[in-house]
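Heads up: the sequence lines are chains A and B, in that order. Reading the first sequence from the start, the letters are residues 1 to 412 in the UniProt record's numbering. Reading the second sequence from the start, the letters are residues 1 to 412 in the UniProt record's numbering. Taking it in order: structure first as structure tokens, then the write-up.
There are 2 protein chains.
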Amino acid sequence: MPLLVMKFGGTSVANIDRIRRAAKRVGVEVAKGYDVIVIVSAMAGRTNELVGWVDEISPLYDAREYDAVVSSGEAVTAGLMALTLQEMDIPARSWQGWQVPLKTNSSHSAARIEEIPTDNINAKFGEGMQVAVVAGFQGVSPEGRITTLGRGGSDTTAVAFAAAFGAERCDIYTDVDGVYTTDPRITDKARKLDKIAFEEMLELASLGAKVLQTRSVELAMRYNVRLRVLSSFEEQSDDAGTLVCAEEEIMESNVVNGIAYSRDEAKMTLISVADRPGIAAAIFGPLSNAGVNVDMIIQNISEEGRTDMTFSCPVDQVARAEKALKGAKEKGEINFHDLVADTNVAKVSAVGIGMRSQSGVAAKMFQTLRDEGINIKVISTSEIKISVLIDRKYMELAVQSLHDAFELDKSA
Amino acid sequence: MPLLVMKFGGTSVANIDRIRRAAKRVGVEVAKGYDVIVIVSAMAGRTNELVGWVDEISPLYDAREYDAVVSSGEAVTAGLMALTLQEMDIPARSWQGWQVPLKTNSSHSAARIEEIPTDNINAKFGEGMQVAVVAGFQGVSPEGRITTLGRGGSDTTAVAFAAAFGAERCDIYTDVDGVYTTDPRITDKARKLDKIAFEEMLELASLGAKVLQTRSVELAMRYNVRLRVLSSFEEQSDDAGTLVCAEEEIMESNVVNGIAYSRDEAKMTLISVADRPGIAAAIFGPLSNAGVNVDMIIQNISEEGRTDMTFSCPVDQVARAEKALKGAKEKGEINFHDLVADTNVAKVSAVGIGMRSQSGVAAKMFQTLRDEGINIKVISTSEIKISVLIDRKYMELAVQSLHDAFELDKSA
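Given below as structure tokens:
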């Protein structure tokens with residue numbers, strides 16, 4: 001029997017009516033002859049309520065108890081979904097993480113999946129069960145304690161099940177109807193993509209398009225799990241949503257497939273750093289230890305043995321970064337004249353696997369921004385992505401003009 | 001290390017403040033040198049919310065999924081309690097039923113406890129843990145599915161842990177401060193008992209004093225677990241609340257220790273039944289099959305081969321009883337002229353182990369009621385209890401006058 005994994009996020013199971021609607025979607029696939037593994041999140045708002053209680057009791061909580069508490073939301077939804085399917089005469093039962101068992105390491109609150117044995121669930125499929133409903137986000141450690149995979153972990157659960165069971169596809173039902181060329185709130189020319197390559201999705205996910213968790217896309221790419229992102233709030237046809245898949249499945253594609261942005265960036269510059277071998281390590285070591293996620297880095301041309309070092313990081317980590325760098329200066333590990341933080345910047349990126357074979361993308365991007373009078377503060381590039389840091393006030397304009405320049409409103 | 005079991009009901013853990021207050025009580029016992037096993041219920045209202053969702057989806061639900069859903073409330077409280085204790089620098093961790101594991105049979109929603117292995121928890125006590133927080137009400141079946149013990153099951157969990165671990169005592173924290181000679185809402189002369197025997201508590205529990213679940217008292221009696229009932233809302237001394245214990249621990253006791261009542265009774269009379277051997281079986285067989293809980297039974301003196309048969313049952317089972325009896329009549333299994341239901345009755349009972357050795361209790365009871373002009377409709381007695389069925393409008397008066405007559409406001 002071909003097998004499908006279907007994942008429903010918190011808004012898709014927020015109340016009994018929505019659980020019924022989701023169950024109907026499952027029923028459609030069962031009617032086509034699929035065995036289905038359904039992965040459910042907690043009802044919207046539940047996890048936040050549980051996390052709120054934990055924070056109220058103990059700001060520096062024991063992550064093992066945190067996991068025991070916050071994992072309960074998914075357990076509830078799994079049972080309710082199984083009951084709803086049974087009411088539709090579809091043989092179904094629920095599984096909690098430890099019952100599968102979804103085995104993880106012991107990194108509570110951010111556990112990595114180690115193994116998903118398929119025998120328990122496959123035995124039930126063999127006995128006539130048509131749907132296994134699995135609580136997302138949770139697993140069990142070698143010590144037998146409940147672990148969670150971190151926020152958004154249900155996407156990762158879904159992809160891991162699809163890989164373990166060799167599913168034909170992993171459908172991620174959410175509150176948007178697919179992956180767009182850019183944020184439709186910024187330009188109404190934004191177009192839903194029918195297909196997107198794993199690599200592109202990864203860049204878009206980590207650049208701020210919050211459709212899928214980065215980790216789930218990485219996992220899908222590694223195991224070649226075809227992911228479909230689609231809305232649980234619309235009637236769906238077979239080719240609805242966006243398919244995230246291997247490059248080979250995409251015959252023809254635009255050079256640039258998406259314009260991503262991130263508002264919450266800051267640019268920090270260390271002015272007049274003594275330039276010597278090992279200086280980068282001396283700067284970025286303390287930042288890493290302080291938990292600062294450094295993104296882009298540029299080093300200006302050195303003059304008379306001194307240089308300026310610029311990097312970007314999330315805006316809410318600026319204070320932490322300043323503390324780490326000033327601490328390193330006091331200890332004599334680094335030496336700089338001044339530290340300047342610019343918290344009024346945004347990052348805009350063009351992403352597309354077509355860049356690999358086509359030149360001139362960067363030039364076109366820079367020219368477009370220049371024509372709009374937008375100054376570029378930092379540039380960074382990868383094989384399939386070009387990112388720039390600009391003044392935040394120009395962000396919308398930059399996204400709109402780049403979307404136009406690369407003709408993303410038209411499909412390839 | 002001496003060990004104590006402490007159980008906190010739903011109102012005692014209804015929010016974070018109350019969990020903190022309960023944790024403080026645990027801290028007091030830890031400071032005395034006890035290892036403690038804490039059994040927690042779900043936060044007040046949670047279980048009802050979960051049950052409501054299940055009912056909304058599926059009135060004839062799969063009890064296995066029901067259990068998976070409703071057990072989640074206790075899991076949350078266990079984690080939150082463990083975190084609260086940790087914040088007080090008391091080494092604690094939470095256990096869910098399957099982690100202990102608390103092994104039950106497969107009677108979902110009404111599972112019986114089969115075994116509680118002590119090695120996992122004792123190993124942690126050996127490593128320095130001082131409090132094990134266990135989610136009440138839940139266990140795991142031989143098939144590895146979550147079971148629940150039925151409503152009020154957390155009391156039963158607590159007593160079972162106390163028995164398995166050989167606890168010095170099992171403290172049940174609730175919203176009343178002990179067991180009273182009668183309901184204080186009916187007479188302000190009601191007096192809190194310092195001690196009560198298991199047998200008396202059993203009669204009181206099943207007669208309508210809703211302090212402890214009958215099943216937990218049965219279990220406590222079987223394993224001789226000393227139970228203390230006390231309030232989680234008051235500062236407590238060492239001899240607070242009421243100790244439920246073996247008769248031998250109670251030196252001197254009143255002949256009657258409590259007056260119980262039940263408002264929700266009905267009296268049914270089958271008029272002019274053909275009196276023949278086996279007639280009782282023919283009547284009460286169908287009632288039992290229909291799930292009617294028959295309580296008191298009396299058979300009038302037979303005249304000319306016919307008799308009247310009277311019994312009492314909960315008032316909400318009258319319709320069911322009528323249907324069963326009329327069905328049996330139609331099938332020719334029994335024969336009676338008429339069936340009369342009196343739904344305006346109440347049961348009042350005097351309970352006391354002293355009755356065994358002291359005569360005249362029944363006579364005193366009947367005389368007291370006669371002096372108040374209260375007509376007795378049905379009488380039933382056991383070794384330590386006398387119950388009468390009377391008109392419901394006299395119930396308060398009967399309780400008050402019996403409380404006075406047996407001088408229950410004075411201790412022995």
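All C-beta atoms in this analysis are idealised placements derived from N, C-alpha and C, irrespective of residue type, glycine included.
Give the C-beta separation of residue 38 of chain B and residue 6 of chain B to the nearest angstrom, bearing in mind that I take them to be a contact with Cβ-Cβ under 8 Å.
For the purposes of this step, residue 38 of chain B is taken as residue 38 along the second sequence, with counting starting at 1. For the purposes of this step, residue 6 of chain B is taken as residue 6 along the second sequence, with counting starting at 1. Right, their Cβ atoms sit about 5 Å apart.
Any chance the stretch 264-271 of chain B sits against the stretch 314-326 of chain B, with 3 or more Cβ pairs inside 8 Å?
yes
Chain A residues whose Cβ lies nearer than 7 Å to that of residue 62 of chain B:
For the purposes of this step, residue 62 of chain B is taken as residue 62 along the second sequence, with counting starting at 1. Those are 83 and 86, listed as they occur along chain A.
Taking the beta carbon of residue 353 of chain B as the centre, do at least 16 other beta carbons fall within 10 Å, making it buried, or is it exposed?
Indexing the second sequence from 1 puts residue 353 of chain B at position 353. Answer is buried; the Cβ neighbour count reaches 16.
In terms of residues, what are the limits of the beta strand (DSSP E) holding residue 8 of chain A?
One-based indexing of the first sequence puts residue 8 of chain A at position 8. 3-8 is the span of the beta strand (DSSP E), which, as asked, contains residue 8 of chain A.
Which residues in the same chain as residue 125 of chain A place their Cβ atom closer than 6 Å to its Cβ, once the five residues preceding and following it in sequence are excluded?
Taking the first residue of the first sequence as 1, we reach residue 125 of chain A at position 125. So the list reads 35, once near-sequence residues are dropped.
Can you say whether residue 277 of chain A is buried or exposed, counting buried as having 16 or more other CB atoms within 10 angstroms of its CB?
In the first sequence, counting from the first residue as 1, residue 277 of chain A sits at position 277. Exposed, since its Cβ has fewer than 16 Cβ neighbours within 10 Å.
Which residues bound the beta strand (DSSP E) around residue 268 of chain B?
Mapped onto the second sequence, residue 268 of chain B falls at position 268. Segment 258-274, the beta strand (DSSP E) holding residue 268 of chain B.
Residue 72 of chain A: contacting residues in chain B (beta-carbon distance under 7 Å)
In the first sequence, counting from the first residue as 1, residue 72 of chain A sits at position 72. Chain B residues near residue 72 of chain A: 72, 75 and 76.
Whose C-beta lies closer than 6 Å to the C-beta of residue 44 of chain A among residues of the same chain, with five residues either side of it excluded?
Along the first sequence, read from residue 1 onward, the residue named residue 44 of chain A stands at position 44. Around residue 44 of chain A: 10, 11 and 14.
Going straight from the alpha carbon of residue 49 of chain A to that of residue 71 of chain A, what length do you get?
Position 49 of the first sequence, counted from the first residue, corresponds to residue 49 of chain A. Position 71 of the first sequence, counted from the first residue, corresponds to residue 71 of chain A. So the alpha carbons of these two residues sit roughly 12 Å apart.
Can you round the beta-carbon distance between residue 156 of chain B and residue 67 of chain B to whole angstroms, since I take them to be within the 8 Å contact cut?
The residue labelled residue 156 of chain B in the question sits at position 156 within the second sequence. The residue labelled residue 67 of chain B in the question sits at position 67 within the second sequence. Their Cβ separation, rounded to whole angstroms, is 15 Å, which puts residue 156 of chain B and residue 67 of chain B out of contact at 8 Å.
Interface flag, residue 16 of chain B vs chain A, CB-CB below 8 Å
Position 16 of the second sequence holds residue 16 of chain B. Interface residue, yes.
State yes or no: is the C-beta of residue 243 of chain B within less than 8 Å of the C-beta of residue 228 of chain B?
In the second sequence, counting from the first residue as 1, residue 243 of chain B sits at position 243. In the second sequence, counting from the first residue as 1, residue 228 of chain B sits at position 228. A contact, by the Cβ cut-off of 8 Å.
What do you reckon, are the CB atoms on residue 399 of chain A and residue 182 of chain A nearer than 8 Å?
Taking the first residue of the first sequence as position 1, residue 399 of chain A is located at position 399. Taking the first residue of the first sequence as position 1, residue 182 of chain A is located at position 182. Their beta carbons are under 8 Å apart, which means residue 399 of chain A touches residue 182 of chain A by this criterion.
With 7 Å as the C-beta to C-beta threshold (strictly closer), list the residues of the stretch 47-62 of chain A near chain B in chain order.
50, 53, 54, 56, 57, 58, 61 and 62
Counting pairs of Cβ atoms below 8 Å between the stretch 318-328 of chain B and the stretch 281-296 of chain B, do you hit three or more?
yes
Taking a cut of 9 Å between CB atoms, which residues from the UniProt domain "ACT" (350-412) of chain B lie near chain A?
none
Neighbouring residues, chain B, relative to residue 68 of chain A (Cβ below 8 Å)
Here residue 68 of chain A corresponds to residue number 68 of the first sequence, with the count starting at 1. By Cβ distance, chain B contributes 75, 78, 79, 82, 94 and 96.
Could you compute how far the alpha carbon of residue 260 of chain A sits from the alpha carbon of residue 197 of chain A?
If you number the first sequence from 1, residue 260 of chain A lands on position 260. If you number the first sequence from 1, residue 197 of chain A lands on position 197. Roughly 15 Å separates the two Cα atoms.
Measuring from the CB of residue 123 of chain A, is there a heavy atom of the ligand HEM at a distance below 7 Å?
The ligand HEM is not part of the structure shown, which contains no ligands of any sort.
Contact criterion: CB-CB distance below 8 Å. Does residue 241 of chain A meet it with respect to chain B?
Taking the first residue of the first sequence as position 1, residue 241 of chain A is located at position 241. No, residue 241 of chain A does not count as interfacial toward chain B.
Return no unless some Cβ of chain A is closer than 8 Å to the Cβ of residue 144 of chain B.
Taking the second sequence and counting its residues from 1, the one referred to as residue 144 of chain B is at position 144. Chain A, which has a Cβ nearer than 8 Å to the Cβ of residue 144 of chain B, makes this yes.
Give me whichever residues DSSP pairs with residue 216 of chain A in a beta bridge.
Position 216 of the first sequence holds residue 216 of chain A. Bridge partners of residue 216 of chain A: none, in fact.
Closest residue to residue 319 of chain B among B/341, B/270 and B/299 (Cα-Cα distance)
What you label residue 319 of chain B is simply residue 319 of the second sequence in a count that begins at 1. The residue with the shortest Cα to Cα distance from residue 319 of chain B is B/341.
With distance defined between alpha-carbon atoms, name the residue in B/225, B/194 and B/143 nearest to residue 253 of chain B.
The residue you call residue 253 of chain B lines up with position 253 of the second sequence. Selected option, being the one with the closest Cα: B/194.
Alpha carbon to alpha carbon, how far is residue 375 of chain A from residue 343 of chain A? Give it in angstroms, no decimals.
Walking along the first sequence from the start, residue 343 of chain A turns up at place 343. Walking along the first sequence from the start, residue 375 of chain A turns up at place 375. Roughly 16 Å separates the two Cα atoms.
What residues from chain B crowd round residue 99 of chain A, counting only those whose CB sits closer than 8 Å?
Your numbering for residue 99 of chain A matches position 99 in the first sequence. By Cβ distance, chain B contributes 144 and 145.
Taking only the alpha-carbon atoms, compute the straight-line gap between residue 382 of chain A and residue 360 of chain A and give it to the nearest angstrom.
Translated into positions along the first sequence, residue 382 of chain A becomes position 382. Translated into positions along the first sequence, residue 360 of chain A becomes position 360. One C-alpha to the other measures close to 14 Å.
With a threshold of 8 Å, are at least 3 pairs of Cβ atoms found where one atom belongs to the stretch 77-92 of chain B and the other to the stretch 119-133 of chain B?
yes
DSSP puts residue 173 of chain A in a beta bridge; with which residues?
As a first step, residue 173 of chain A is located in the first sequence; it is residue number 173 there, counting from the start. Bridge partners of residue 173 of chain A: A/8 and A/230.
I want to see whether chain A comes within less than 8 Å of residue 115 of chain B, judged by CB atoms only; does it?
Position 115 of the second sequence holds residue 115 of chain B. Judged by the 8 Å Cβ criterion, residue 115 of chain B is not in contact with chain A.
Mind checking who residue 382 of chain A pairs with in its DSSP beta bridge?
One-based indexing of the first sequence puts residue 382 of chain A at position 382. A/385, per the DSSP bridge assignment.
Taking 8 Å as the CB-CB limit, is residue 127 of chain B close to chain A?
The residue labelled residue 127 of chain B in the question sits at position 127 within the second sequence. Not closer than 8 Å to any Cβ of chain A, the Cβ of residue 127 of chain B fails to qualify, so no.
Taking a contact to mean a Cβ-Cβ separation below 8 Å, would you say residue 495 of chain A touches residue 402 of chain A in this structure?
Only positions 1 to 412 of chain A appear in the structure, and residue 495 of chain A is not among them; the question remains open.
Residue 211 of chain A versus residue 176 of chain A: straight-line alpha-carbon distance, rounded
Counted from its first residue, the first sequence places residue 211 of chain A at position 211. Counted from its first residue, the first sequence places residue 176 of chain A at position 176. Between residue 211 of chain A and residue 176 of chain A, the C-alpha separation is close to 8 Å.
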